[in-house]
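Visitor: One point on numbering: in UniProt numbering, the residue at position 746 of the sequence shown is 746, and numbering is uninterrupted. Take a look at this one; I'll ask things after.
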Amino acid sequence: MTVNYTFANLLDKMQNSDRDIRFMATTDLLHELQKDAFKLDDDNERKLISAILKVLQDSSGEVQNLAVKCVQRAVERCKESEPAAIAALEYLGHDRQPVRKRAINSLSMIIETSGPVLQQTVLSRVIELLARDPPIKPDLLKSVLQATGALATVRSTQQLKNVISIIFKLAENEDDELRESALSALEAILRKSPGAVNNLEQLMVIFTNSIKHDPNYCEEFDDDDDEEDEEDDEDQEDYSDDDDVSWKVRRSASRALNAMMSSASNVALIMSASGTLLLQRMREREESVLIEIIAAFNTFVSLSGPKIEKYYKDSNLFATQMIKKLNSQNKKIAKSVVATLSLMVEKCPNYICMESVQLLPHICKLMNDNSPSIRLEVLSFFTKYAKTVDPEIAAAASSLIVPTLEGAIQDSFYRIATEGLRVLLLLVQKGSNCLNSSTVTAALEKLELTDIDQDVKDSTILCAGALLSKNQVVSSSVEKTIRILAERMSNEMTRMSALKAMSDALQNSMISTYLLKYVSDQLLTLSSFLRKSNRQLRTLTLSFLKNLVASGCRNVDQVLLEVPPLITEGDLYVAQLAIELAAACISAKEAENEQITQKCIDLVKSSLLQGKPLVALENYLAQLAKFYPKRYKPTVRQLTDSIYSNKISNRNEIANSAKCLAAFTYSWGLNTQSSVEKAVQPVVEQFMSDVESSQIESVEQFALLALGEIGSKVPLGEVVIKHQLQQFTRASESVKMSAAIGIGLVTSGNLVQLMPLLLNSLSSCDSPQISYLTLVSIREATKNASDDTLRPFAEDLFAKLQEYADASEEGSRNVLAECLGRLVSVEPSLCAFLQEKCKNEDFRIRQTQLATAKNVCHLKQIDIPSFLALLSVVYHFISDPTIPVIKSAIAFMNSEAHNNAEVLKRHLTKDVLESLYKETKVRPDLIREVMMGPFKHTIDDGLEIRKATFECLYSLLDSCHDEVDLDILLNNVENGYDDDYDVKLLTYLILLRIIQQSPSSISSRVVKFCEHTKKILNLRVKQDAVNQEAERSEELKRAVVRVIAHISNNSTEILIDTNSTRAYQDTIRLIQNFPELSKFLEQERKSSQQLLFTISDSKSDQMEF
């Protein structure tokens, strides 16, 4: 009752003769429409629409603007929006242009919240006006064109196809304003519904003529290579004619061309015609048009990337136009051109490096400009340039760049000073000679100041460290500079940057004496840093201390007391640095700390220990045995106590203990009076005895692995190998595998004598399991042997192993392929034999060769003719009739994408991609049913192929993004929506990667994905389902929500039409019905937003400290 009374009162006031009362009533109505409690019956809804439509043609512009805002709110409240749309259509033919404009805005708002039927109806009415014969008045026709562009959506593609030819003709009309409207409509259609435009060649001609359309400017002598015209072009920049509106045509054509490049499927066709055209039109005299041309050229650069030279050959034209604009009196244009050059440094660095010789002098001149924004843009270019170019080019360019940095470093604006110092830092790191430069003097003078911005302080300190490390500080200033850096190390605000700088300076052995003089007094301060909670501070301090000790710093006992607490599995990187510092101290003959040794032994038991931390730990024990040999026996007892007492915490402990013991024993043996072979012989005999006599399985595994690790360092004889081969008949699978690995390690240390024994064992055994174990041994031997040791045997061993390429067990073939791959990586000429073997009729032999090629690619980048010829054969096996061969071919392509992408790009043809895309579909011929007792069980033999295919597609997006048509890729990736759990997850990962790389590519796919998301969210697991099924269901829900979160953070580029927006909003509302998923959505939004910022920061090369 109250709502209806308020509503009736507002309607009366909206018809009042007083403008102010109408304005206030319309404002109140807008506020009421925004309230959730405001609800009307059907009769009042019609009255509301009628009242708003009347106000749309109010005599007061302010009232009309409020009415436009009320339209969308009213449509959201009303059940039926068709009356509003039909009424708004009537005003499209109004005599007053402002009324028509507001009608278009109203229609656009109505369409955003309406269904497809009303969208089609409204657009049909607009198209009818556009296609009317005879045509309507030009003024009305312009409004109709504007409405066509405003109402275009992905769903309107078919409707728009019927009138696109009419818009083409209007885009060539003699009336410039009508022509501008047609071009603007084409721009909107290209962005929202690119499928409606098919004849791209004709459209390119239209855009070319329109961009050049300038009837008041004579182009009779328009030769871009003629330098005599340069002054004339400068004079024309300020040219203006109030009656000339041709600039609107050129501006709209530039925008439309930009849209076509961004959305066209045949990019190569458009790019070939666009590059030279845009460069030629850089002589444009109107600023607004030139800005749009530069924006279009930026799109051209982004899309062409390293292939930019392919799309235009005239480098003189590029340099000439860039130089003209860099010297332009219009600083806004000059700044835009510098931004374009920065983009080119990112996208096509090789090309811009070639042109930089001509461009740099003109860019450097801009550093004298009074505008801070221009100088910052130039410094940003210098930063990207210095990071990208080769050291030789940077050194040559520094003679131009460095002198311009002096003013920047002395500038009072902190951002300019910071960027100037950063450019100097990068150039010095690239090897530029700046000694005796006034710029260096300015940087060192800045170092002495304390009342400056923190970013400037940090930049100055880092720059000083780089200058010291590259010997770019005059001798009279070296000691003073080091003293200041040492002082900065004691300051909480500057100590991290000071540590980085001092670490850099330590690389210069010529100044280490000065460094030690000032830093030795700071050891207590440095040791206190190791107790701080700041992880980065601890890592910097540990690295610096290690370098200090290596440079001759002594008396670090106090520092070593802080090291044991840092050696934990909680942070293995910090533990690695701490162990390296302790090893450096032992090597420098500082006192050994027993607590550190104990912590290292405790770390060996960690299931997380691997890689560099394990190597650091081995090196520590080696140094301990070298300088404190009496510590050998007690340390060995500590190391093996848990194994021999059968108290191991994880399987990783056995392998790591064996590695550490071998390194410890070998180093100890080297420092005994006898030879290392004799020294370790009792240890070897003890382990052989343990294998035979021990009843504890972990002891047997440890002894076998320890024998192998020792044998890889010290040549052992046949006795050990024969002893280990006997273990292949043991009952325990773990013991047999440990024996196989141990044999391989021993063989790698004595390849000449022991490899024949393994080959004989392989040829004489009749057990598939023993054959497999022997192949594992050969794999370990080839993997651990050095290239020089393995090369003399490579060809003969390769031929011998190929005899087993038809092994019945796929596992054996895969291990064999690893052996063959290692041999090919050592001797690439063997690729020719691989290619020949690929022709074999036996699918098992073909699969072995493909797996070999994959392992070769993983181990080493090979770019020789025989390997390239192999590639052209391998990719065609994606169409092989046998499953193992297909899977191996796809796995090979995946490995190439990861390890040798540039070679892969040369062979990534349309046929290869089509063969790959075919494998995204479920193949009914590979689905079979088997009986398991009384039950039927369905087995999909093609599932592994599809998983491999989706993994490969994900890898291609990373390394071969430019070679893949995302539209075609997405058409095939969407097959994964209805596939197995693993394939679904891979599908979502691919979508996430595409959103990160090119958000607009999935704009037309949002509706389908949202429908799929609803199915996933509404899945209900049966009550009697096992835990794994419930976990998989939850993981799928989280995965689709993660994609929705990324769509949300890129909504401006993805949600460009009403249908996508509506589907997305419906999905969000559905997610909000699940509290846990709703919370997860917000978390993912934040994390993906942080990722966007990280990518943005990386692209803009922000400060790292």
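Each residue gets a CB set at the ideal place from its N, CA and C atoms; glycine is no exception. Nothing here was measured: the structure is a model prediction, and the numbers come from that model.
1) Expressed to the nearest angstrom, what Euclidean distance is found between the alpha-carbon atoms of residue 612 and residue 576?
2) Between residue 822 and the rest of its own chain, which residues show a CB-CB distance below 8 Å, the 5 nearest in sequence each way excluded?
3) Based on the DSSP secondary-structure assignment, which residues constitute the bridge partners of residue 928?
4) Do the region 1067-1082 and the region 1033-1047 make contact, defined as three or more Cβ pairs closer than 8 Å?
5) Report the three-state DSSP secondary structure of residue 284 (helix, strand or coil).
6) Using only the alpha-carbon positions, how far apart do residue 907 and residue 871 sit?
7) Using the Cβ count rule (16 or more neighbours within 10 Å means buried), how would you classify residue 884?
8) For residue 45, count neighbouring C-beta atoms within 10 Å of its own C-beta (all shown protein chains included) and say buried if the count is 16 or more, exposed if not.
9) Is the beta carbon of residue 1047 less than 9 Å from the beta carbon of residue 968?
10) Using a Cβ-Cβ cutoff of less than 8 Å, which residues in the same chain neighbour residue 827 once the five nearest sequence positions on both sides are dropped?
11) Could you tell me how far apart the beta carbons of residue 922 and residue 942 are, in whole angstroms, since I believe they sit closer than 8 Å?
12) Could you name the residues of the same chain whose beta carbon sits closer than 8 Å to that of residue 355, not counting the 5 residues immediately before and after it, in chain order?
13) Look at the alpha carbon of residue 155 and the alpha carbon of residue 141, and state the distance between them as a whole number of angstroms.
14) DSSP three-state label for residue 171, please.
15) Please state the DSSP three-state secondary structure of residue 194.
16) Quick check on residue 744: does DSSP put it in helix, strand or coil?
17) Taking C-beta to C-beta, are residue 817 and residue 774 nearer than 9 Å?
18) Is residue 1021 helix, strand or coil by DSSP?
19) Measuring alpha carbon to alpha carbon, tell me which of 568, 572, 508 and 561 ends up nearest residue 550.
20) Compute the Euclidean distance between the alpha carbons of residue 1117 and residue 989, then round it to the nearest angstrom.
21) Measuring CB to CB, does residue 720 end up less than 9 Å from residue 684?
22) Taking the Cβ atom as the reference point for each residue, do residue 473 and residue 432 lie within a distance shorter than 9 Å?
23) Assuming the contact rule is C-beta atoms closer than 8 Å, residue 717 and residue 743 should be a hit. Round their C-beta distance to whole Å, please.
24) Going by the beta-carbon positions, is the gap between residue 600 and residue 582 smaller than 9 Å?
25) Could you give the distance in angstroms between the alpha-carbon of residue 951 and the alpha-carbon of residue 1013?
26) Could you spell out where the alpha helix (DSSP H) holding residue 152 opens and where it closes?
27) Quick check: the region 455-468 against the region 488-508, are at least 3 beta-carbon pairs closer than 8 Å?
28) From residue 603 to residue 587, what distance separates their C-alpha atoms?
29) Out of 410, 294 and 693, point me to the one whose CA is closest to residue 335's CA.
30) For residue 541, report the span of its alpha helix (DSSP H) as first-last.
31) The alpha helix (DSSP H) spanning residue 1046 covers which residue range?
32) Out of 1057, 545, 813 and 616, point me to the one whose CA is closest to residue 524's CA.
33) Output the distance between the C-alpha atoms of residue 640 and residue 755, rounded to the nearest integer angstrom.
34) If you draw a straight line from the C-alpha of residue 690 to the C-alpha of residue 702, how long is it?
35) Quick check: what's the CA-CA separation for residue 767 versus residue 777?
36) Relative to the C-alpha of residue 325, which residue among 302, 305, 281 and 344 is closest?
Guide: Based on what the coordinates show:
1) 7 Å
2) 779, 782, 783, 790, 855 and 859
3) 939
4) yes
5) coil
6) 8 Å
7) buried
8) buried
9) no
10) 791, 794, 795 and 798
11) 7 Å
12) 315, 318, 319 and 322
13) 23 Å
14) coil
15) helix
16) helix
17) no
18) coil
19) 508
20) Residue 1117 is absent from the structure shown; the chain starts at 1 and stops at 1105.
21) yes
22) no
23) Not really, about 13 Å apart at Cβ, beyond 8 Å.
24) yes
25) 21 Å
26) Element bounds for residue 152: n/a, residue is neither H nor E.
27) yes
28) 21 Å
29) 294
30) 535-550
31) 1027-1049
32) 545
33) 31 Å
34) 9 Å
35) 15 Å
36) 281
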